[in-house]
Amino acid sequence: MNNEQEQPKRESAYMQITRKCNNACIFCSNPAFDKELTIKDVEKRLQFYKDKGINEIVFSGGDPTESPILIEAISLAKKLGFTSKIITNGVHLSDLNYVKELKNAGLEHLHISIHSHIDKDSDFLTSRDGHLKKTIQGITNCLDVGLHLDINTTINAVNIKYLSEFIGYLINKFPKINHYVFNNLDIGESDKNLRSRAWYHKEVIARLYDIELELHKTAKLLINNRKTFRMERVPLCYMSGFEQFSTETRKIIKEESYRCIFIEKDKKDVYMELYDPRKERRFKGETCKSCKMNPICAGVCVEYYDLYGDSELFPVFDNPDNVILKVKGITNEKT
Ligand code: SF4
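Take the sequence shown: its letters are residues 206 to 540, numbered as in our numbering.
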């Protein structure tokens, strides 16, 4: 039996552990409120996931580092046989001792959110002064103790003006980081009670025709530096030549699911399992009907269509089979 056969298949799921957050990003699709899990809640939810055959937990929020039981939750997850990851803005990771505690508890991987390398833009986007320095220190601390991490960036009208320069800065400063995730900001409702903050700050929504050039420059930069990446909520007509890095397209082709237990504000928490990203509040226009990428593209968010219509979409006539082969790893191209 070779190493590949010995590895159990990774079955991943998300668990919101708190809805508190120490940032207040003006594009946040999951605005904070004062509700969080107890360790008993975590235990029940881990057991629920274990029964479903899940073996990897991603603790999210809010910001999970705001939870007083995060370290205990990671230890418990490890005891029950889960691999643990967190998604965080990295501000609390500027405390090296806290990072060591997370690692000792069993944390294996982080997704750290950072949206600009320019102080004033970061202050504006996160609504917090001085947090950029803390996040940078947090990334440094994690790498210093040997933790693996990916970068998460929300594409918005501010950072899209210099996205490639920003990512170039991170590549130079943190050469050990190999994977970057870009989320085109989510304008939608996080639930029925709570709209995304971007809905009230439409000035931060990047229009598709404004993102095209910088997305291409950023993709080229990452590929040239042998980094991998994913782009979410970007229709394939804006990802020509690097469609295989679309998060939704990969999920469609690989039939991967998304699972999360959400903490809800004024009602019972919900478990959500989503198998097809094309069904997640997405819109396809008339033009999509003649587009060859249609079967493997998730389109645009319905809220984006409600605000701006579909005039920015255009059909693509390239062969989608080439994208499918790349996603399946049948070609030699590193994805
Ligand atoms: S035209 Fe429609 S189906 Fe084609 S790539 Fe654009 S959004 Fe996707």
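The beta-carbon is built from N, C-alpha and C at its ideal position, and this holds for glycine as well.
Contact between glutamate 261 and glutamate 216 holds: their C-beta atoms lie close to 7 Å from each other, under 8 Å. Here the distance from the Cβ of threonine 492 to the nearest heavy atom of ligand 1 is below 6 Å.
Looking at the DSSP output, cysteine 506 shares a beta bridge with Arg487. The C-beta distance from isoleucine 501 to threonine 454 rounds to 5 Å, short enough to meet the 8 Å contact threshold. Boundaries for lysine 257: no alpha helix (DSSP H) harbours it, and the DSSP string shows neither H nor E there. The residue from Tyr513, Ile468, Val521 with its alpha-carbon nearest to that of threonine 243 is Ile468. In this chain, the alpha helix (DSSP H) harbouring valine 304 covers 301-310. For glutamate 261, the uninterrupted beta strand (DSSP E) segment begins and ends at 261-265. Where phenylalanine 467 is concerned, the enclosing beta strand (DSSP E) starts and stops at 463-467. Taking a 10 Å sphere around the C-beta of serine 318, we find 16 or more other C-beta atoms and assign the residue as buried. Assigned with DSSP and collapsed to three states, phenylalanine 434 falls in strand. Counted as a single uninterrupted DSSP element, the alpha helix (DSSP H) harbouring glutamine 342 occupies residues 336-349. Between leucine 301 and tryptophan 404, the alpha-carbon positions lie close to 36 Å from each other. At a Cβ-Cβ threshold of 7 Å, isoleucine 356 and phenylalanine 387 do not count as neighbours. Between serine 299 and lysine 339, the C-beta gap is smaller than 7 Å, which places the two residues in contact. Taking the CA atoms as reference points, phenylalanine 447 sits about 9 Å from leucine 441. Annotation: the continuous alpha helix (DSSP H) that includes alanine 424 extends over 413-429. For serine 289, the uninterrupted beta strand (DSSP E) run begins and ends at 288-293, by DSSP.
Cβ contact annotation for glutamate 313 (same chain, cutoff 8 Å, sequence separation greater than five): Thr288, Ser289, Lys290, Leu352, His353, in chain order.
Shown here, aspartate 355 sits in a strand according to DSSP, grouped into three states. Per DSSP, the continuous beta strand (DSSP E) segment holding phenylalanine 387 begins and ends at 384-389. Counted as a single uninterrupted DSSP element, the alpha helix (DSSP H) harbouring leucine 375 occupies residues 368-378. Closest by C-alpha distance to threonine 223, out of Ala229, Gly266, Phe253, is Gly266.
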